[in-house]
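Peer 1: Handing you this structure, nothing more for now.
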Amino acid sequence: MRDTLADPPYQGISKACLKSFQDRLEIEGLELKRSKPAILQINVGKLCNLTCMHCHVNAGPGRKEIMGIDTMARVLAWFNSTNIQKVDITGGAPEMVPGFRFFIDRIREIRPEAQIIDRCNLTILLESGYEGLAEFLAERRVEIVASMPCYQPENVEAQRGNGVFDVSIQALQLLNSIGYGKNPELRLNLVYNPLGPSLPPDQSELEADYKEALRATFDIEFDQLYTITNMPIARFLAYLRRENRLDEYMDLLVENFNPAAVEGLMCRDTISVDWQGRVFDCDFNQMLNLPFRGNEDLYLWDLSPLSFEGGPVQMASHCFGCTAGAGSSCGGSLD
Ligand code: SF4
Ligand code: SF4
39 MRDTLADPPY
49 QGISKACLKS
59 FQDRLEIEGL
69 ELKRSKPAIL
79 QINVGKLCNL
89 TCMHCHVNAG
99 PGRKEIMGID
109 TMARVLAWFN
119 STNIQKVDIT
129 GGAPEMVPGF
139 RFFIDRIREI
149 RPEAQIIDRC
159 NLTILLESGY
169 EGLAEFLAER
179 RVEIVASMPC
189 YQPENVEAQR
199 GNGVFDVSIQ
209 ALQLLNSIGY
219 GKNPELRLNL
229 VYNPLGPSLP
239 PDQSELEADY
249 KEALRATFDI
259 EFDQLYTITN
269 MPIARFLAYL
279 RRENRLDEYM
289 DLLVENFNPA
299 AVEGLMCRDT
309 ISVDWQGRVF
319 DCDFNQMLNL
329 PFRGNEDLYL
339 WDLSPLSFEG
349 GPVQMASHCF
359 GCTAGAGSSC
369 GGSLD
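Position one of the sequence shown corresponds to residue 39 (the working numbering), numbered consecutively onward.
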């Protein structure tokens with residue numbers, strides 16, 4: 039931990055200021071502005087086969103919000119007008135959206151060399167009706183970023199539901215069997231997030247533990263582990279409120295503010311798009327409905343790719359989740 043609220047250089051500054059993310063950046067002499075867009079992150083919908091406790095999307099089997107083919111076509115046309123090289127597809131379980139395979143195929147056609155990421159919950163790969171999904175992803179060289187909050191069943195199931203650990207292990211073995219985590223063109227990264235209101239441990243140390251445990255017990259290989267801080271929004275916020283631990287968690291995030299993490303925040307170079315095509319600074323702002331540039335209904339196709347650079351970012355107290363400790367982004371710790 040760097041400075042606590044009582045330490046210099048914060049003496050004389052009210053706690054309220056330190057708890058406002060924007061004020062905190064100013065006190066630190068930092069600025070958060072957008073740079074050139076490098077990542078197009080598309081949340082294709084809130085439909086999911088799981089209902090995890092930490093889910094910032096409030097995703098689940100009953101959700102109806104999913105991207106239709108017409109919206110996909112408009113997003114693809116916009117993408118084609120850019121030279122963005124990284125497309126990050128998230129949800130929900132993106133693979134449950136009926137146009138998912140069409141979307142991946144068109145992205146590959148438009149930009150054969152692009153890095154395409156599927157944020158996958160693993161269990162969907164073994165659900166009935168999704169046969170051949172893992173092979174489909176491998177054939178299109180789609181990178182998989184998979185949630186796996188622990189290498190032990192109790193912790194995974196406490197967070198994600200009964201039976202999820204065993205199915206996740208089977209899915210990882212399936213992915214390994216077709217080259218994921220072994221062939222450098224088929225990257226398989228795992229995501230850890232803490233079970234409760236604490237900060238993630240050191241990413242590289244935890245990655246070494248994961249690798250050792252998964253290899254020894256299940257003969258599983260993967261590329262990298264990303265540690266991601268739980269954001270105090272949506273389902274995790276409801277949990278914090280239920281447990282009466284929201285203040286404690288916010289204090290933890292604020293007290294562990296790390297100015298060095300600001301430079302790498304994903305809202306600088308990522309464009310976040312929702313299932314309707316609306317633009318946000320990040321997936322978290324999207325879930326909070328914090329409008330891009332304060333404009334409620336700004337669609338991707340209303341914006342020139344050149345108009346992002348230098349623009350403002352909509353910030354609020356949840357942003358402390360991205361700057362606490364080692365920092366946190368969709369690509370793991372920012373250290
Ligand atoms: S965390 Fe992922 S797998 Fe879990 S409910 Fe949310 S979208 Fe689904
Ligand atoms: S929550 Fe979003 S806007 Fe706030 S710091 Fe994190 S990435 Fe940036």
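For every residue, glycine included, the Cβ atom is placed at its ideal position computed from N, Cα and C.
Could you check if I122 is buried or exposed, using at least 16 other CB atoms within 10 Å of its CB as the buried criterion?
Peer 2: It is buried - the Cβ of I122 has at least 16 other Cβ atoms within 10 Å.
Peer 1: Compare the Cα-Cα distances from I266 to each of F117, P239 and E173 and report the closest residue.
Peer 2: Closest by alpha carbon: P239.
Peer 1: Per DSSP, G98 is paired with what?
Peer 2: According to DSSP, G98 bridges with L85.
Peer 1: Any idea if G363 is buried or exposed, counting beta-carbon neighbours within 10 angstroms, 16 or more meaning buried?
Peer 2: With 16 or more Cβ atoms within 10 Å of its Cβ, G363 is classed as buried.
Peer 1: Can you tell me which of I80, G129 and K71 puts its alpha carbon nearest to the alpha carbon of H94?
Peer 2: For the residues I80, G129 and K71, the minimum Cα distance to H94 belongs to G129.
Peer 1: Give me every residue whose Cβ sits closer than 7 Å to any heavy atom of ligand 1, in chain order.
Peer 2: Spelled out in chain order, the answer is C86, L88, T89, C90, H92, C93, V95, A97, G98, G129, G130, A131, N159, S185 and R198.
Peer 1: With DSSP as the reference, label G370 as helix, strand or coil.
Peer 2: Three-state result, G370: strand.
Peer 1: What does the Cβ neighbour count give for A184, buried or exposed, with the cut at 16 atoms within 10 Å?
Peer 2: A184 should be labelled buried.
Peer 1: Could you check where the beta strand (DSSP E) with T255 kicks off and where it finishes?
Peer 2: Premise fails: T255 lies in the alpha helix (DSSP H), Q241 to F256, not in any beta strand (DSSP E).
Peer 1: Report whether the distance from the Cβ of C360 to the nearest heavy atom of ligand 2 is below 7 Å.
Peer 2: Yes; taking the cut-off as 7 Å, the Cβ of C360 has a heavy atom of ligand 2 nearer than that.
Peer 1: Just confirm the distance between the C-beta atoms of A209 and L164, as a whole number of angstroms; I'd bet it's less than 8 Å.
Peer 2: That pair is a contact at about 6 Å.
Peer 1: Taking 7 Å as the cut-off, is the beta-carbon of L303 closer than that to any non-hydrogen atom of ligand 2?
Peer 2: Flag set: Cβ of L303 near ligand 2.
Peer 1: Alpha carbon to alpha carbon, how far is H92 from R40? Give it in angstroms, no decimals.
Peer 2: The predicted position of R40 is uncertain, since its pLDDT is 48 and thus under 50; a value taken from the coordinates is nonetheless stated next. If I take the Cα positions, the gap works out to 26 Å.
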